[in-house]
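This report concerns only the one structure given below.
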Amino acid sequence: MNFQWYPGHMTKAKRAMQEDIKLVDLVIELADARVPDSSRNPDIDELGRNKARLILLNKADLADPKYTDQWTARLKEKGCFVLPVNARNNSGLKAVHAVIQEACREKIERDRRRGILNRPVRAMVVGIPNVGKSTFINSFAGKAAAKTGNKPGVTKGNQWIRLNKNVELLDTPGILWPKFEDQRVGLHLAWIGSIRDDILNAEELAAELIAYLAVKYPGAIAQRYGVEELEDSFQTLAKVARARGCLMKGNEADTNKAAGFVLDDFRSGRLGRITLEIP
Ligand SMILES: Nc1nc2c(ncn2[C@@H]2O[C@H](COP(=O)(O)OP(=O)(O)OP(=O)(O)O)[C@@H](O)[C@H]2O)c(=O)[nH]1
Ligand SMILES: [Mg+2]
C-alpha cells in the first residue's frame, strides 16, 4: 500500500516545531502505547537534546499492559521520563505533575539563582495526529481548553494553555514524519487512525490487521464476530461481512463496509487490549 502521508504542511509544521522547542523547558511527547516506536518522532531526540523530556504512552487503556510495561522500561533507558497514561480518564495524570516538577527542577533552581521567581514551567506537547495531545491537555488542565476529535488534523495551529501559575502548555498540530522506508510504520499509523482514512484502502488495511491478530491475538476476531479465523485474512473479512449483514447486490459480501467495522472496533478497543508493536 502506498501511504502518501507527508504533505507540504507537515514539513512546515516540523520547521515550526524546531522554533517552538526554543521557547520551552520541557518537551512532552505523546506516543501511542499500541505502537510506541512507529508513533514516535525520530527527530525529537536531536531537536529536544537540551530539554527535559517526558514521553507519555497514551491510550494505554487500549494497549496490552504487559507490553506497555516492557516499552516503558525500554524508553526509560534513553534517559527520558516515561509514563503510560489514559488521557481520557485522567489515569496516570497525577504522576505527570510530579514528573514536570522533577524534570524542571534544574530550570527552577537556575531561575531562583537569577532571582526570577515564579516563572511558570513551559512545556510543549508534541506527537502524531490523533494521538491525544489536546485530550491530554484538557484532562490535565481540568477544562476543555483545546479542541479534540477522533480523526487526524483537529488542531490547526499552536495554542498556549495556562494550567495554573506554575505551568503553561503549548498545544501543537500533529506531525507525521517520513519513516517510510518501512511500510510497517505506515500500516501501524493507519491502523490507529493517524492517517486520513479517505486516502487509504480500508479493505487492505483491515485484512492486514486481521492477519496480524490471527498471529498475535488469535481468537480476537472469532470472539467479536462469531466467525472462523481462516488462513486467508480477506476471506475472514468476507465472513465478518456476512456475519454483520454487510451484503451487496447479488448477495455478495460487502468487504469494504466490514473493513470499516473492523477498523473502528479495533480503534475503540472492542477487539480487546492490543499492542501492534512488540518491544
Ligand atoms: N481510549 C482512549 N482514547 C483517547 C485517549 N486520549 C485521546 N483519546 C481519543 O483520541 C481522539 C483524538 O484525540 P485528540 O486529543 O483530538 O488528538 P490530537 O493529538 O490533539 O489530534 P490532532 O489535533 O489531530 O493532532 C479523541 O477521540 C480522543 O477522545 C486515551 O488515552 N484513550
Ligand atoms: Mg489536537
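Quick note: the sequence shown uses the working numbering, first residue 43, plus one each step. A virtual CB, placed ideally from N, CA and C, is assigned to each residue, including glycine.
Worksheet item: Taking 7 Å as the line, does the beta carbon of valine 196 fall inside it for any heavy atom of ligand 2?
Response: Along the sequence shown, one-based indexing puts residue 196 at 154. Yes.
Worksheet item: In angstroms, rounded to a whole number, what distance separates the CA positions of asparagine 200 and leucine 99?
Response: Residue 200 sits at position 158 when you count from the first residue of the sequence shown. Residue 99 sits at position 57 when you count from the first residue of the sequence shown. Approximately 22 Å, taken between the alpha carbons.
Worksheet item: Could you check where the alpha helix (DSSP H) with aspartate 87 kicks off and where it finishes?
Response: Counting from 1 along the sequence shown, the entry for residue 87 is found at position 45. Taken as a continuous stretch (DSSP letters only), the alpha helix (DSSP H) holding aspartate 87 covers 86-89.
Practice prompt. Please report how far the alpha carbon of threonine 197 lies from the alpha carbon of alanine 183, in whole angstroms.
Written response: Residue mapping note: residue 197 aligns to position 155 of the sequence shown, counting from 1. Residue mapping note: residue 183 aligns to position 141 of the sequence shown, counting from 1. One C-alpha to the other measures close to 17 Å.
Discussion item. Looking at glycine 169: is its Cβ nearer than 8 Å to the Cβ of alanine 244?
Written reply: For this step, residue 169 is matched to residue 127 along the sequence shown. For this step, residue 244 is matched to residue 202 along the sequence shown. The answer is no: Cβ separation not under 8 Å.
Discussion item. At the level of alpha carbons, what is the spacing between histidine 230 and glycine 157?
Written reply: Taking the first residue of the sequence shown as 1, we reach residue 230 at position 188. Taking the first residue of the sequence shown as 1, we reach residue 157 at position 115. One C-alpha to the other measures close to 48 Å.
Discussion item. I'd like to confirm something about threonine 114: is its beta-carbon nearer than 7 Å to some heavy atom of ligand 1, or not?
Written reply: Taking the sequence shown and counting its residues from 1, the one referred to as residue 114 is at position 72. Threonine 114: no, Cβ never under 7 Å from ligand 1.
Discussion item. So for glutamate 250, helix, strand or coil by DSSP?
Written reply: Mapped onto the sequence shown, residue 250 falls at position 208. DSSP places glutamate 250 within a helical segment (H, G or I) once states are collapsed to three.
Discussion item. Rounded to whole angstroms, what is the Cα-Cα separation between leucine 211 and alanine 165?
Written reply: Mapped onto the sequence shown, residue 211 falls at position 169. Mapped onto the sequence shown, residue 165 falls at position 123. Roughly 5 Å separates the two Cα atoms.
Fill in: Neighbour-count burial assignment, arginine 95, 16 or more Cβ in a 10 Å radius
Against the sequence shown, residue 95 aligns to sequence position 53. So arginine 95 counts as buried.
Worksheet item: In terms of residue numbering, what span does the beta strand (DSSP E) encompassing arginine 204 cover?
Response: The sequence position of residue 204 within the sequence shown is 162, counting from 1. Run containing arginine 204: 201-204, per the beta strand (DSSP E) assignment.
Worksheet item: Are isoleucine 70 and lysine 93 touching if we call contact CB-CB under 8 Å?
Response: For the purposes of this step, residue 70 is identified with residue 28 of the sequence shown, where counting begins at 1. For the purposes of this step, residue 93 is identified with residue 51 of the sequence shown, where counting begins at 1. No, Cβ-Cβ distance for isoleucine 70 and lysine 93 is not below 8 Å.
Worksheet item: methionine 248 to asparagine 208, Cα distance in whole Å?
Response: Indexing the sequence shown from 1 puts residue 248 at position 206. Indexing the sequence shown from 1 puts residue 208 at position 166. Looking at the sequence itself, residue 248 is alanine, so the reference to methionine does not match. Their backbone Cα atoms lie some 45 Å apart in a straight line.
Worksheet item: At what residues does the beta strand (DSSP E) containing alanine 73 begin and finish?
Response: On the sequence shown, position 31 is the one that residue 73 refers to. Segment 68-74, the beta strand (DSSP E) holding alanine 73.
Worksheet item: Cβ of lysine 185 within 7 Å of any heavy atom in ligand 3?
Response: Absence of ligand 3 from the depicted structure is noted, with ligand 1 and ligand 2 being the only ligands included.
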